[in-house]
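Residue numbers (this note's numbering), protein chains in the order written: chain A, 284 to 406; chain B, 5 to 111. The C-beta atom is built at its ideal place from N, Cα and C for all residues, glycine as well. All values derive from a computational prediction rather than experimental measurement. A quick write-up on the structure given underneath.
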């Protein structure tokens, strides 16, 4: 069974950094693209970032580019999100989400989600 | 960016009711539209992809339709476990935008 286990969340001060990890099991991570999606408390879902299988293609939400970096280590079955210059509005549950294929393409979609890790940005 | 607008934002319904949720895209997304269900404190779950294809093990009371800019999610006979928030998402292009969600509550 597909399992995605996020970690690395916590309380961080504004301007600080945090690195989220997502440990994948039950499938070959290298064969699939991955995403990060976040959800602020009481709010809806917001797509954050995408990385293709192999890591050659990445995309970011426009509001985040330059502060967040997505990466992957397929040898360790792990996805990462490096978050810098954090702001109060970055407070959210961050979900690791598996794509249905390895590449970016119209019509591809997220088919599995982890349980999320909470990031709180506050002084 | 493609904007996704769901309606209604919330609805109250009874077990056994037929429920329809609408999602509208700000431009044509052909059939690159997905629906997710999220229960409180839980991760979202894929229900329907490509506008009308049911994900494995999703009950057949769920169905999706539409193309271009207008889409619907229908629950033919609402069950107690269906009370949740539903989100549409376009996968036509990045950013992969979501609708704001529709909360289905018990009447």
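Checklist line | Under the three-state DSSP convention, the category residue 85/B falls into | finding: Stepping through the second chain from its first residue, residue 85/B is reached at position 81. Residue 85/B: helix per DSSP, three-state reduction.
Note to self: For residue 32/B, would you say it is in contact with chain A, using Cβ-to-Cβ distances shorter than 8 Å as the test?
What the structure shows: Within the second chain, the letter at position 28 stands for residue 32/B. Residue 32/B does not count as touching chain A.
Next item on the list: Alpha carbon to alpha carbon, how far is residue 388/A from residue 394/A? Give it in angstroms, no decimals.
Entry: For the purposes of this step, residue 394/A is identified with residue 111 of the first chain, where counting begins at 1. For the purposes of this step, residue 388/A is identified with residue 105 of the first chain, where counting begins at 1. Approximately 14 Å, taken between the alpha carbons.
Note to self: I'd like the list of long-range same chain contacts for residue 350/A, defined as Cβ closer than 6 Å, with 5 residues on each side in sequence excluded.
What the structure shows: Counting from 1 along the first chain, the entry for residue 350/A is found at position 67. Here the set comprises 367, 368.
Checklist line | Cβ neighbours of residue 306/A in the same chain (closer than 6 Å, five flanking residues each side left out) | finding: If you number the first chain from 1, residue 306/A lands on position 23. Only 288, 361 meet the Cβ criterion.
Check: At least one CB of chain B closer than 8 Å to the CB of residue 315/A: is that the case?
Finding: By one-based count along the first chain, residue 315/A stands at place 32. No, residue 315/A does not count as interfacial toward chain B.
Item checked: Cβ-Cβ distance between residue 376/A and residue 296/A below 8 Å -> Within the first chain, residue 376/A is the residue found at index 93, counting from 1. Within the first chain, residue 296/A is the residue found at index 13, counting from 1. No. Outside cutoff.
Item checked: Cβ-based neighbour list, residue 386/A, same chain, cut-off 8 Å, excluding 5 preceding and 5 following -> As a first step, residue 386/A is located in the first chain; it is residue number 103 there, counting from the start. Once the five neighbours on either side are set aside, the close Cβ partners of residue 386/A are 316, 335, 336, 340.
Margin query: For residue 356/A and residue 304/A, what's the separation of their Cα atoms in angstroms?
Written below: The sequence position of residue 356/A within the first chain is 73, counting from 1. The sequence position of residue 304/A within the first chain is 21, counting from 1. So the alpha carbons of these two residues sit roughly 10 Å apart.
Notebook entry, point to check: Candidates 49/B, 76/B, 111/B, 69/B: which alpha carbon is nearest residue 89/B's?
Noted result: Counted from its first residue, the second chain places residue 89/B at position 85. When only C-alpha atoms are compared, the closest one is 49/B.
Next item on the list: Whole angstroms is fine: what's the gap from residue 19/B's alpha carbon to residue 77/B's?
Entry: Looking up residue 19/B in the second chain gives position 15. Looking up residue 77/B in the second chain gives position 73. Rounded to whole angstroms, residue 19/B to residue 77/B spans 17 Å at the Cα level.
Notebook entry, point to check: Measuring CA to CA, which of 11/B, 40/B, 5/B, 26/B is closest to residue 93/B?
Noted result: For the purposes of this step, residue 93/B is taken as the residue at position 89 of the second chain. It is 40/B whose Cα lies nearest to the Cα of residue 93/B.
Margin query: Given this structure, state the Cα-to-Cα distance separating residue 14/B from residue 358/A, to the nearest angstrom.
Written below: On the second chain, residue 14/B is found 10 positions in, with the first residue counted as 1. On the first chain, residue 358/A is found 75 positions in, with the first residue counted as 1. In a straight line, the C-alpha of residue 14/B is about 44 Å away from that of residue 358/A.
Next item on the list: Reducing DSSP to helix, strand and coil, say where residue 357/A ends up.
Entry: If you number the first chain from 1, residue 357/A lands on position 74. In the structure shown, residue 357/A sits in a helix (DSSP, three-state: H, G or I).
Checklist line | Delimiting residues of the beta strand (DSSP E) encompassing residue 318/A | finding: On the first chain, residue 318/A is found 35 positions in, with the first residue counted as 1. Residues 317–322.
Note to self: Can you check which of these residues, 16/B, 111/B, 37/B, 84/B, is closest to residue 97/B by C-alpha distance?
What the structure shows: On the second chain, residue 97/B is found 93 positions in, with the first residue counted as 1. Checking every option, the nearest Cα to that of residue 97/B belongs to 37/B.
Note to self: I'd like to know if residue 102/B contacts chain A, where contact means its C-beta is closer than 8 Å to some C-beta of that chain.
What the structure shows: The residue labelled residue 102/B in the question sits at position 98 within the second chain. For residue 102/B, the answer is yes, since a Cβ of chain A falls inside 8 Å of its Cβ.
Margin query: List, in chain order, every chain B residue whose beta-carbon is nearer than 7 Å to that of residue 386/A.
Written below: The sequence position of residue 386/A within the first chain is 103, counting from 1. Here the premise fails: no neighbours, minimum Cβ distance about 12 Å.
Item checked: Sequence-distant residues of the same chain with beta carbon closer than 6 Å to residue 111/B, five excluded per side -> Against the second chain, residue 111/B aligns to sequence position 107. Closer than 6 Å at the Cβ level, and outside the excluded window around residue 111/B, lie 16, 17, 18.
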